[in-house]
Amino acid sequence: MDREVLLRLLDEVPGEAFVACKDAIRAGADYVVWDDTVPADALARSYSRRAQHMAKIGTPMLGGEDALASLRVSGDQPLRIGEAKVEDPPTHFQLFLTADASRVVACLGIDQR
Numbered sequence: 025m026d027r028e029v030l031l032r033l034l035d036e037v038p039g040e041a042f043v044a045c046k047d048a049i050r051a052g053a054d055y056v057v058w059d060d061t062v063p064a065d066a067l068a069r070s071y072s073r074r075a076q077h078m079a080k081i082g083t084p085m086l087g088g089e090d091a092l093a094s095l096r097v098s099g100d101q102p103l104r105i106g107e108a109k110v111e112d113p114p115t116h117f118q119l120f121l122t123a124d125a126s127r128v129v130a131c132l133g134i135d136q137r
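Following our numbering, the numbering of the sequence shown begins with 25 at its first residue and continues without gaps.
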């Protein structure tokens with residue numbers, strides 16, 4: 025996916041995680057969006073467990089609650105997964121886009137320290 029296209033899509037959605045991810049990508053962070061899709065409800069279950077684990081070990085998750093809510097209301101809609109990584113501060117952003125990659129449905133950031 026073209027960097028400028030992804031930046032535009034991230035700019036269309038309000039939220040702290042979207043802004044932080046957009047800033048990281050604009051600053052040159054490595055990113056990828058895969059072509060394969062996964063049903064949103066399966067992602068909601070998986071990332072809900074991950075969020076519980078992150079909370080248990082004290083790892084901050086930026087936008088986690090909003091992302092999970094967006095995944096849950098998306099039902100079984102197929103979503104593409106993407107990620108962006110930045111080194112300073114070390115953060116892993118997880119992106120969830122519509123199957124046609126026309127909209128970012130959810131975004132969360134995980135502190136890697």
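C-beta atoms are modelled at their ideal positions from N, C-alpha and C, and glycine is treated no differently. These figures come from a predicted structure and were not determined experimentally.
Under the three-state reduction of DSSP, which class applies to Val43: helix, strand or coil?
The residue labelled residue 43 in the question sits at position 19 within the sequence shown. Reduced to three states, the DSSP call for Val43 is helix.
Span of the alpha helix (DSSP H) around Asp35
For the purposes of this step, residue 35 is identified with residue 11 of the sequence shown, where counting begins at 1. Counting along the chain, the alpha helix (DSSP H) containing Asp35 begins and ends at Arg27 to Asp35.
If you reduce the DSSP assignment to three classes, tell me which class Gly82 lands in.
Counting from 1 along the sequence shown, the entry for residue 82 is found at position 58. Coil, per DSSP.
Which class does Arg104 belong to by DSSP, given the choice of helix, strand or coil?
Translated into positions along the sequence shown, residue 104 becomes position 80. Note: Arg104 maps to strand in three-state DSSP.
Alpha carbon of Arg137 to alpha carbon of Pro113, nearest angstrom:
Along the sequence shown, one-based indexing puts residue 137 at 113. Along the sequence shown, one-based indexing puts residue 113 at 89. So the two alpha carbons sit approximately 8 Å from each other.
Just the Cα atoms here: how many angstroms apart are Thr122 and Thr83?
To locate residue 122, count along the sequence shown from 1; it is residue 98. To locate residue 83, count along the sequence shown from 1; it is residue 59. Using only the alpha carbons, I get a separation of about 28 Å.
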